[in-house]
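Under the numbering used here, think of the first position of the sequence shown as 373, with each following residue one higher. Ideal Cβ placement from N, Cα and C applies to all residues, glycine included. These notes are about the structure you will find just below.
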Amino acid sequence: MTDGADDGGKLLRDIDVTTPHSARIWNYWLGGKDNYQADRDAGDEFLAIYPAQRDKARACRRFLLRAVRYTAAEAGVRQFLDIGTGLPTADNTHEVAQRVAPEARIVYVDNDPLVLAHARALLTSTSEGVTRYIDADLRDPDEILAQAARTLDFSQPIALLLIGVLGHMADYDEARSIVSRLLEALPPASYLVHCDGDDTSPAYTAALERYRDSGGVPYNVRTREQIAGFYEGLEPVEPGVVPIQSWRPEPNDIGSPVDVAEFGGVGLKV
């Protein structure tokens, strides 16, 4: 069952394709098709400063795949709350989870009309499960929780996904407070799946500053210690909070993973 697909096509037709958009740029780095020349130009400018960004985007996607598969297959989670989902591409959260458990229920959250339009137009759920989309802001966790409760059972475990989104919040204490509020609402045996850019690559930081100057939505890198702070009170799943390419790596067709200045992991609420 998929909710909200009726108006997605109209919204897509109304979107400006001449101005670069961060979600479409990320889609371009991932090798997706939902981007335009303006996005590709901006993406190439970023790559000129930080050539590993395409590897970084793919590493984040592979981390998402491994973490969702772990929570669904090994931990038995059947509910997923994915906040800041980005544009649909290969191996989206609901696709990975529902391959393991067709009955899985997934709620995507974003406040970007472009992302929501693509999601509603392009994503479909299994008939046994549910995939829904919430138009809400990460800075309003109570609204997210209230809307998600229409689909998810908060008496049963939920995997909370925050993939590359907390860096959009400049205030670290505010970001930690929001994560704590979201986790507080989840029952025991729930999980946090999270990663964000760290400050270990000067080239990555320089590329982000250039992007900030261009008028794009700012993204703030943090120390690895700060990123680990989001897991306070949780039990880290082995190997812990680490560079994402080191979190339960699997063989792939590109050889050994490279360091992509992205830190994260999976934490269990006990």
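Q.
If we require 3 or more residues per run, which beta strand (DSSP E) segments fall completely within the segment 435–498?
A. 451–455 and 477–482
Q: Please classify Gly612: does DSSP put it in a helix, a strand, or coil?
A: coil
Q) Are there 16 or more other CB atoms within 10 angstroms of the CB of Gln409, so buried, or fewer, so exposed? A) exposed
Q.
Across the segment 562–578 and the segment 590–603, are there enough close Cβ pairs to call them in contact, namely three or more that are closer than 8 Å?
A. yes
Q: Starting from the C-beta of Ala395, find all residues in its chain whose C-beta is less than 7 Å away, skip the five residues before and the five after it, and write them out in chain order.
A: Gly458, Leu459, Asp484, Leu486 and Val487
Q | Cβ distance (whole Å) where Ile516 is taken to contact Ile455 below 8 Å | A | 7 Å
Q) Helix, strand or coil: which one does DSSP assign to Gly380? A) In this predicted model, Gly380 has a pLDDT of only 49, less than 50, meaning its place in the structure is not dependable; the value taken from the coordinates is given anyway. Reduced to three states, the DSSP call for Gly380 is helix.
Q: Count the CB pairs spanning the segment 577–586 and the segment 542–561 that are closer than 8 Å, and state whether there are at least three.
A: no
Q) When we look at the beta-carbon of Glu610 and count the other beta-carbons within 10 Å, is it buried (16 or more) or exposed? A) exposed
Q. At what residue ranges does the segment 556–599 contain a whole run of the beta strand (DSSP E), taking only runs of 3 or more?
A. 563–569
Q: Have a look at Gly415 and Val589 and give me their C-alpha separation to the nearest angstrom.
A: 14 Å
Q) Buried or exposed: Asp378, going by 16 or more other Cβ atoms within 10 Å of its Cβ? A) For Asp378, the pLDDT reaches just 48, beneath the cut-off of 50, and the residue's location in the model is therefore unreliable, leaving the point undetermined.
(Q) By the three-class DSSP mapping on this structure, what secondary structure does Gly636 have? (A) strand
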